[in-house]
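Going by UniProt numbering, the sequence shown opens with residue 1, and the numbers climb by one from there. Each residue gets a CB set at the ideal place from its N, CA and C atoms; glycine is no exception. Written below as structure tokens is the structure these notes are about.
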Amino acid sequence: MKLNYKTMKEKKENCFYIISLSLLATGFAFIHMHHVSTLFENDRHFSHLSNLEREMTFRTEMGFYYHYYKKIINAPSFESGLKALLQDNQTEYPDVINALQRFNLYPEVFIGGLYRIFDFVTKRYDITTKQCWEVNRGQSLPPVNSCEGLGDPMYFYLEFVWYCAGLSKAVLFIYAVVLSNSFGGGLLTVLGFLFNHGHCTRVQWTPPLRESFAYPFCLSQMLAITYCLKSSKNKINTKWNLLFQVWTITLSSTSSLLLWQFSQFVLATQVVAILIMFCLGIIHKKTVLIILVSQLVGLLQAAVLMFGNEFLFQSILFSLLISSIAIVLSCDFKIHYPSFHGGFILISSLVITFSLKSKISRFFSEHDAHIFDLLLAKVTNFKNFHTMLYTCSPEFDFLPLSTVYELTITGLIPTVLIVIGILLFKWGKHFIFKKQKHGQSQNVIDPEVVYNFLQLGAFTIMTYFIMRLKLFWSPHLCLMASLIMSTKYLSSKNNLRYSILTILIAAMSYHGINNIIRQRNIMGEYINIPFEEVLTWISSETLPTDVFAGPMSIMANVLLSTGRRIVNHPHYEHHNMRERTLKVYSVFSRQNPQQVFSTLIDMGVDYVILDETWCFYQSRENCSMIDLWDLVDLENANNEPLCPKLFNGNPEPFIRAFANDVFVILSLKARQFIEITPLRQYQI
């Protein structure tokens, strides 16, 4: 009877725990959704922009991805829209590509399909889903119509982005609670994320980027591994629990890889972390195989769904998984603590990985070669045109000290350093005094904590070299901070732990609340008349079959807003696209005009767009386009730059078909335009 009463009591407590966890996670999700959508509206005054202006706010890759959503919803049927993606002849003219294979477009396909259903149902039952009004823009500009509500395609799309942002916050809270075994730890993580919001996410500024959709699934994948490692401590692990672990890791791995091409690097760091733990005797062979095989199945599923995506098969992740699984399966000995065997396994896995990677790359174009070139450029003086395009962008620069300072004054980094100090003390004490007791590691060292410690280390290294990756690092700092509330690592006394929590929240709030206020005080209104003139001119004065080239950031908007064919775009990961871009950017080189004209004619280009900032300015020292060309084109190093001449000089053999203060459009077609003189003159 007592046993039954105890079992019932435990079930009630578990039920209450799950309900409380779910309600709190849902609450935090809705708060975050409201926060990011408000920031987005405040920054652009998005609700009062015309459709063209809204599309113009989606620069570079944002407009590129949104174009495919627009194609799905504007097609006569969902099937014809999907077929247009599978046989895309607009994005890389004259080539016909499978866009679903090349790019991570499942969010656009899914949301586009849902919008078509939503639109059909609401129109069928005459349900009002949007409100429209006329906006007077002033400055002698014509008024525009603007609509708001789920019936507007762009608002429908953005709503799913905000759902993903909310899901990220919910998963982050659950992750922290699982890791720290404390709701207080979850609260600390959520507040740490909010107080350092600008360093933890950029979904509020760049909604359509792949990370906006993928990050909640990346978090879920890391949570699934954390749960698997935590469950590995139980001597009795039921069949259903093992199946649940395999299923969650596989599904979340598939989702992460489907939604973002850079997810593979996060998963690769996980494999290395798991191997290190195995080599240290912290986890058993069975646990390693559950995780690695699940990841491999997830990768293969993603590759199948992306029609055999080459980028996945020649990724470092694929080679690392194959080599690691083979090495672990071949081990017929147990590792209880750091030893020669463990070191041999780790080194062998890495050697086989890079050997296999080089062999696989021979069968494919080296699509990821630019990534290794970028890493090489970060640690040596190596430079080429493609690496400079990356390193001259602020987001690919080294992590600035200002970011570290801002994360420090909110108390996040000091809290994590305290946690790391406690962990290292306890682990060091164990390895020094108790390594001879083979069974001890499972009791003293929590594998899920070690994994997250190693994962934070990997993110720290990645972020140091590429600032953009702080979007992984900063949230993981928030997660590790939750361990300060763990009864195992600090104190089992509730009064002491919650007193510490109160002090930490108060300390974080001092600068954290100011950060929130500063974010919410950002008020702007998007307007870009020169670029609007460009897109309007293209739509009205050129043929739907005309082909355009120009800076990658502009090409995405030309494709999105005018529907014209383009030869280059911002998705720079493919080897062929890097070569195309190099040819197009010859207009910014020192080559002679006839040579550049011939290059573009061979590519099938009818018009090329020039931007004054690309011709006359530089974002930072040694980062102008002419500086980049001087690295690779020594033959023409003594010639005058071509772009200024094309912009406001004699553009022969090109024809200057359009010009305003900022942009010039050159025609390569037979002379049919009156030569246009730029509105502003520059000193060449």
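What three-state label does DSSP hand Q519 in the structure shown? helix
Relative to the alpha-carbon of L356, which residue among I322, F382 and K669 has its alpha-carbon at the smallest distance? If we check each option's Cα against that of L356, I322 comes out closest.
Cβ neighbours of L628 in the same chain (closer than 6 angstroms, five flanking residues each side left out): F385 and M388
How would you write the range of the beta strand (DSSP E) that I665 sits in, first residue to last? F663 to S667
Taking the alpha-carbon positions, what's the N241 to L223 distance? 15 angstroms
Are the Cβ atoms of G184 and M485 separated by less than 8 angstroms? yes
What is the residue span of the beta strand (DSSP E) that A549 lies within? V547 to A549
What residue does the beta strand (DSSP E) around C331 start on, and which one ends it? From DSSP, C331 is part of no beta strand (DSSP E); its letter is neither H nor E.
Between which two residues does the beta strand (DSSP E) containing R656 stretch? I655 to A659
Considering Cα atoms alone, identify which of P551, E41 and F213 is closest to N104. F213
Please state whether DSSP places R44 in a helix, a strand or coil. helix
Spatial neighbours of R116 in its chain, beta-carbon cut-off 7 angstroms, leaving aside the 5 residues before and after: I73 and F78
Compare the Cα-Cα distances from N89 to each of V109, P107, Y68 and Y106 and report the closest residue. Y68
Distance CB(I538)-CB(R564) smaller than 8 angstroms: Against a cut-off of 8 angstroms, the Cβ pair of R564 and I538 comes out as a contact.
Tell me which residues share the same chain as C623 and place their Cβ nearer than 6 angstroms to its Cβ, disregarding the 5 neighbours each side in the sequence. C392
For R497, which three-state DSSP category applies? Reduced to three states, the DSSP call for R497 is helix.
Report the partner residues of R565 according to the DSSP bridge assignment. V547
I290 versus E13, L543, C279 and S232, residue with shortest Cα-Cα distance: Ranking E13, L543, C279 and S232 by Cα distance to I290 puts S232 first.
Note down the Cα distance separating H182 from I500, rounded to an integer number of angstroms. Note that residue 182 is Ser in the sequence shown, not His. Distance between the alpha carbons of S182 and I500 is about 13 angstroms.
Which residue marks the beginning of the beta strand (DSSP E) containing N145, and which one marks its end? Start and end: V144 to E148.
Measure the beta-carbon distance from F398 to Y464 and round it to whole angstroms, keeping in mind my assumption that it falls under 8 angstroms. 6 angstroms
Check for me: the alpha helix (DSSP H) holding I291 runs from which residue to which? Taken as a continuous stretch (DSSP letters only), the alpha helix (DSSP H) holding I291 covers K285 to L305.
Secondary structure at Q595, three-state DSSP: helix, strand or coil? helix
Mind pulling the alpha helix (DSSP H) runs of 4 or more residues that sit fully within the region 377–429? 385–391 and 401–409
Between D95 and F30, what straight-line distance do the alpha-carbon atoms span, to the nearest angstrom? Cα to Cα, D95 sits roughly 44 angstroms from F30.
Could you pull the start and end residues of the alpha helix (DSSP H) that L100 belongs to? A99 to R102
Beta-carbon gap between N557 and M56 smaller than 8 angstroms: Here N557 is near M56, since their CB atoms are less than 8 angstroms apart.
Using beta-carbon positions only, say whether M480 and P400 come within less than 8 angstroms of one another. No. Outside cutoff.
With 16 other Cβ atoms within 10 Å as the buried cut-off, status of S349: buried
Taking DSSP as the reference, what is the three-state secondary structure of W260? coil
Given that a residue counts as buried once 16 or more other Cβ atoms are within 10 Å of its Cβ, and exposed if not, what is G439? Annotation note: pLDDT 46 at G439 (below 50); position unreliable, coordinate value reported separately. So G439 ends up on the exposed side.
E533 lies in the alpha helix (DSSP H); which residues open and close that run? I529 to E541
CA-CA distance, G81 and G151? 19 angstroms
Quick one: Cα of S553 to Cα of R54, how far? 15 angstroms
For N452, is the classification buried or exposed, using 16 other Cβ atoms within 10 angstroms of its Cβ as the cut-off for buried? buried
With a CB to CB cut of under 7 angstroms and the five nearest residues on each side skipped, what residues in its chain are close to K470? H199, L399, T403 and T463
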